[in-house]
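Visitor:
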Amino acid sequence: METTGGNQLIGRSAEWPVLLDVLTRVSGGAGTVVWLEGEPGIGKSTLVDALVEEAVARRVTVLRGAGDEAVQPFPLHLVMECVGASAGSPDPVRAEIAEVIHDGAGTGVLDPVLAASERILELVDRLCADGPLLLVAEDLHWADAASLAVLERMGRAVGQVPLLLLGTSRPVTRRPEVAGCATSSPSGPVSCCR
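Position in the sequence shown counted from 1, then plus 379, gives you our numbering.
(1) Would you check if the segment 530-542 and the segment 463-480 touch, i.e. whether three or more CB-CB distances between them fall below 8 Å?
(2) Helix, strand or coil: how does DSSP classify ARG549 here?
(3) Please go through the segment 425-512 and give each complete beta strand (DSSP E) segment of 3 or more residues, from N-terminal end onward.
(4) May I ask you to report which of helix, strand or coil DSSP gives GLU416?
(5) Quick check on the burial criterion: 16 or more other C-beta atoms within 10 angstroms. Buried or exposed for ASP523?
(6) What are the residues that DSSP puts in a beta bridge with VAL515?
(7) List the endpoints of the continuous alpha helix (DSSP H) containing TRP395.
(8) State whether the segment 543-551 contacts the segment 505-522, with contact taken as three or more CB pairs (one from each stretch) at a distance under 8 Å.
(9) CB-CB under 8 Å to GLN451, same chain, minus the five flanking residues each way: which ones, in chain order?
(10) Classify GLY567 as buried or exposed, calling it buried when 16 or more other Cβ atoms lie within 10 Å of its own Cβ.
(11) To the nearest angstrom, report how far apart PRO491 and ARG437 are at their CA atoms.
(12) Closest to ALA536 by CA distance: which of ASP509, VAL503, GLY510 and LEU398 is it?
(13) Counting along the chain, where does the alpha helix (DSSP H) carrying VAL540 start and finish?
(14) Are the beta-carbon atoms of LEU543 and VAL405 separated by less than 8 Å?
(15) Does the Cβ of GLY446 have 16 or more other Cβ atoms within 10 Å, making it buried, or fewer, making it exposed?
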């Protein structure tokens, strides 16, 4: 049994070194996409928790969110959770993202989902300019389509920014947009837990 801090990585000795390697690479400025796929209870969240713990110890900024079957109809829910966008956020950029998506017509934008998507991508870009970033999007099998589109765009940019984009999913029949997230990285994703 391997442990990292408070996490026990039972049966994950093959995946853990891979995750440490990509974290080291993103700390050095090289972004990538990691895809963790497996049945419920296989240890995806434990691996993610351990990686988040290690990222924090290495002073890598961490953003994290999860898809939710109940809110799948709401556009950008997952990525807004990942970046911490909410009306009550003390960060004016995050508060503006929430305002645009929740009150699009009142903000004067024609397409609130597109406008909020662009602001989310700009925020992630700004965070990457400040240093390496780990963005974790869990339960992508329940993610809304707009969030998946934003994540796919982030994945295409990992070759240019220090972004480790980590997605988790159950091995359910993939919607095309979920499959797009898994393969968005120019160099292809690092896959674990299959």
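Virtual Cβ for every residue (Gly too), placed ideally from N, Cα, C. On a predicted model such as this, the values are computed, not experimentally measured, just so you know.
Guide: The short version:
(1) They do not touch, by the three-pair rule.
(2) coil
(3) 440-445
(4) GLU416 carries a strand assignment under DSSP once its states are collapsed to helix, strand and coil.
(5) buried
(6) ARG443 and LEU545
(7) 394-406
(8) The segment 543-551, when compared against the segment 505-522, does touch it at the 8 Å Cβ threshold.
(9) Excluding sequence positions up to five before and after GLN451, its CB lies within less than 8 Å of the CB of TRP521, ALA522 and ASP523, all in the same chain and listed in chain order.
(10) Caution applies to GLY567, whose pLDDT of 48 falls short of 50 and renders its modelled position unreliable; the model cannot decide the point.
(11) 36 Å
(12) VAL503
(13) Neither: VAL540 is in no alpha helix (DSSP H) and is coded neither H nor E.
(14) yes
(15) Under this definition GLY446 is a buried residue.
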